[in-house]
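Everything in the sequence shown is counted per the numbering used here, starting at 32 for the first residue and increasing by one. Glycine is no exception: its CB is placed at the ideal position from the N, C-alpha and C atoms. Note that this is a predicted model, so its numbers are computed, not measured. Below is one structure; the comments refer to it alone.
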Amino acid sequence: MFGDGVFTSVKVENGRLLHWDRHCERVTAQCEALHIQPPDIKQSKVEELIERNGAEQGVWKLKIVITGGIDSRLSLPTRTYGTYLVTLEKYEMPEGKAKLCRYPYPIESPASSLKTLAYLPRLMVKQYALERGFDDAVVCSSEGWVLESAFSNLYWEEGGAVFTPMSTLPLLAGTYLTSIDHLKEERITYEQLKEKQAVFICNAMGSRLSEII
Numbered sequence: 032m033f034g035d036g037v038f039t040s041v042k043v044e045n046g047r048l049l050h051w052d053r054h055c056e057r058v059t060a061q062c063e064a065l066h067i068q069p070p071d072i073k074q075s076k077v078e079e080l081i082e083r084n085g086a087e088q089g090v091w092k093l094k095i096v097i098t099g100g101i102d103s104r105l106s107l108p109t110r111t112y113g114t115y116l117v118t119l120e121k122y123e124m125p126e127g128k129a130k131l132c133r134y135p136y137p138i139e140s141p142a143s144s145l146k147t148l149a150y151l152p153r154l155m156v157k158q159y160a161l162e163r164g165f166d167d168a169v170v171c172s173s174e175g176w177v178l179e180s181a182f183s184n185l186y187w188e189e190g191g192a193v194f195t196p197m198s199t200l201p202l203l204a205g206t207y208l209t210s211i212d213h214l215k216e217e218r219i220t221y222e223q224l225k226e227k228q229a230v231f232i233c234n235a236m237g238s239r240l241s242e243i244i
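Structure follows, in structure tokens:
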């Protein structure tokens with residue numbers, strides 16, 4: 032009911048778990064932020080799941096979901112996790128440029144930096160874009176700073192350098208960003224972003240060149 036829990040999505044490429052350690056570190060830290068004692072996530076067990084499902088060829092999305100249990104208190108006490116679920120599905124990266132518009136409402140909360148199970152606002156962002164003929168929408172803060180899209184981070188190239196919105200802003204810094212060398216952070220408005228020649232959306236499954244409308 033309250034979205035009490037966290038999840039992470041891991042790219043599986045030809046049977047190999049990409050950035051596995053980073054995902055485990057983040058999901059553990061985010062459990063602790065919600066006072067959930069996380070499960071022992073064993074890589075060997077996950078690899079067995081991959082083998083049993085014949086996911087040793089191609090690209091697959093593996094999702095780890097951890098809930099906070101069924102404690103009846105309307106608070107977040109320290110507690111053992113409730114449900115620990117791992118799912119696996121075939122994945123195909125969309126082709127071509129992603130067309131992005133601007134989402135007209137700011138989305139900010141104390142949980143903005145957490146990948147919780149309360150993702151309804153992000154679904155609303157995605158639906159807003161799709162209903163208007165776009166692939167995704169850029170979310171900005173109440174002060175007008177670019178944050179992210181519905182389910183992806185943003186980065187752009189300029190002058191031989193790569194930039195992304197400041198991690199101190201109310202956004203979720205994804206694991207893909209940690210794979211970019213010498214990544215710089217800055218505050219940028221939507222109008223400034225539209226002027227950049229090479230803008231990308233990215234998440235654990237990869238990155239995609241985008242067109243800002």
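Going by beta-carbon coordinates alone, are L224 and I244 separated by less than 7 Å? For the purposes of this step, residue 224 is identified with residue 193 of the sequence shown, where counting begins at 1. For the purposes of this step, residue 244 is identified with residue 213 of the sequence shown, where counting begins at 1. No.
Sequence-distant residues of the same chain with beta carbon closer than 8 Å to L203, five excluded per side: Walking along the sequence shown from the start, residue 203 turns up at place 172. Shown here for L203: same chain residues with a beta carbon closer than 8 Å to its own, the five before and five after excluded, namely S143, S144, L145, K146, E179 and N184 in chain order.
Cβ neighbours of A86 in the same chain (closer than 7 Å, five flanking residues each side left out): Residue 86 sits at position 55 when you count from the first residue of the sequence shown. Correct list, in chain order: V43, G46 and L119.
Write down the C-beta distance between R206 and R57 rounded to the nearest angstrom, noting that I regard them as a contact closer than 8 Å. Here the question's residue 206 lines up with position 175 in the sequence shown. Here the question's residue 57 lines up with position 26 in the sequence shown. Checking the sequence, you will find Thr at residue 206 rather than Arg. With a Cβ gap of about 7 Å, T206 and R57 count as contacting.
Could you give the residue range of the beta strand (DSSP E) that holds D167? For the purposes of this step, residue 167 is taken as the residue at position 136 of the sequence shown. Note, D167: beta strand (DSSP E), D167 to C171.
Which whole runs of the alpha helix (DSSP H) in the stretch 130-170 are 4 residues long or more, in chain order? Every alpha helix (DSSP H) of 4 residues or more that sits fully in the stretch 130-170 is shown, in chain order, as 151-162.
What is the DSSP secondary structure of Y207, reduced to helix, strand or coil? Reading the sequence shown from its first residue, position 176 is the one you call residue 207. Three-state result, Y207: helix.
How long is the line joining the alpha carbons of G191 and F231, rounded to whole angstroms? Working through the sequence shown from its first residue, we reach residue 191 at position 160. Working through the sequence shown from its first residue, we reach residue 231 at position 200. Each residue's Cα considered, the two are about 15 Å apart.
Hey, would you say L131 sits closer than 7 Å to S238, going by beta carbons? For the purposes of this step, residue 131 is taken as the residue at position 100 of the sequence shown. For the purposes of this step, residue 238 is taken as the residue at position 207 of the sequence shown. Taking 7 Å as the Cβ cut-off, L131 and S238 do not qualify as a contacting pair.
6 Å Cβ shell around V90 - same chain, five flanking residues per side excluded: On the sequence shown, residue 90 is found 59 positions in, with the first residue counted as 1. Excluding positions up to five away in sequence, the list reads E44 and Y122.
Between K128 and the rest of its own chain, which residues show a CB-CB distance below 8 Å, the 5 nearest in sequence each way excluded? Taking the first residue of the sequence shown as position 1, residue 128 is located at position 97. Contacts found: R239, L240, S241 and E242.
In the DSSP assignment, what are the bridge partners of T237? The sequence position of residue 237 within the sequence shown is 206, counting from 1. Thr is not the amino acid found at residue 237; the sequence shown has Gly there. DSSP lists N234 as partners of G237.
To which residues of the same chain is L148 closer than 8 Å at the C-beta, ignoring the five residues directly before and after it? Within the sequence shown, residue 148 is the residue found at index 117, counting from 1. Once the five neighbours on either side are set aside, the close Cβ partners of L148 are G34, D35, G36, V37, F38, V96 and T98.
Going by other Cβ atoms of all chains shown within 10 Å of its Cβ, with 16 needed for buried, is H54 buried or exposed? Here residue 54 refers to the residue found at position 23 when the sequence shown is read from its first residue. The residue in question, H54, is buried, as its Cβ has 16 or more Cβ neighbours within 10 Å.
Measure the C-alpha to C-alpha separation of V77 and V117 and round it to an integer number of angstroms. Your numbering for residue 77 matches position 46 in the sequence shown. Your numbering for residue 117 matches position 86 in the sequence shown. Their Cα atoms are separated by approximately 8 Å.
To which residues does DSSP link S180 through a beta bridge? Translated into the one-based positions of the sequence shown, residue 180 becomes position 149. Its beta-bridge partners are V169.
Use the C-beta contact count for Y186: other C-beta atoms within 10 angstroms, 16 or more gives buried, fewer gives exposed. The residue given as residue 186 occupies position 155 in the sequence shown. Classification of Y186: buried, given that the 10 Å Cβ count is 16 or more.
Between the alpha carbons of I72 and P125, how many angstroms are there, rounded? Stepping through the sequence shown from its first residue, residue 72 is reached at position 41. Stepping through the sequence shown from its first residue, residue 125 is reached at position 94. Taking the straight line from one Cα to the other gives about 30 Å.
Would you call L200 buried or exposed, if buried means 16 or more other Cβ atoms sit within 10 Å of its Cβ? Position 169 of the sequence shown holds residue 200. Buried, because 16 or more other Cβ atoms sit within 10 Å of the Cβ of L200.
Just to confirm, is the Cβ distance from I219 to V177 under 7 Å? Position 188 of the sequence shown, counted from the start, is the residue given in the question as residue 219. Position 146 of the sequence shown, counted from the start, is the residue given in the question as residue 177. For I219 and V177, yes; Cβs fall inside 7 Å.
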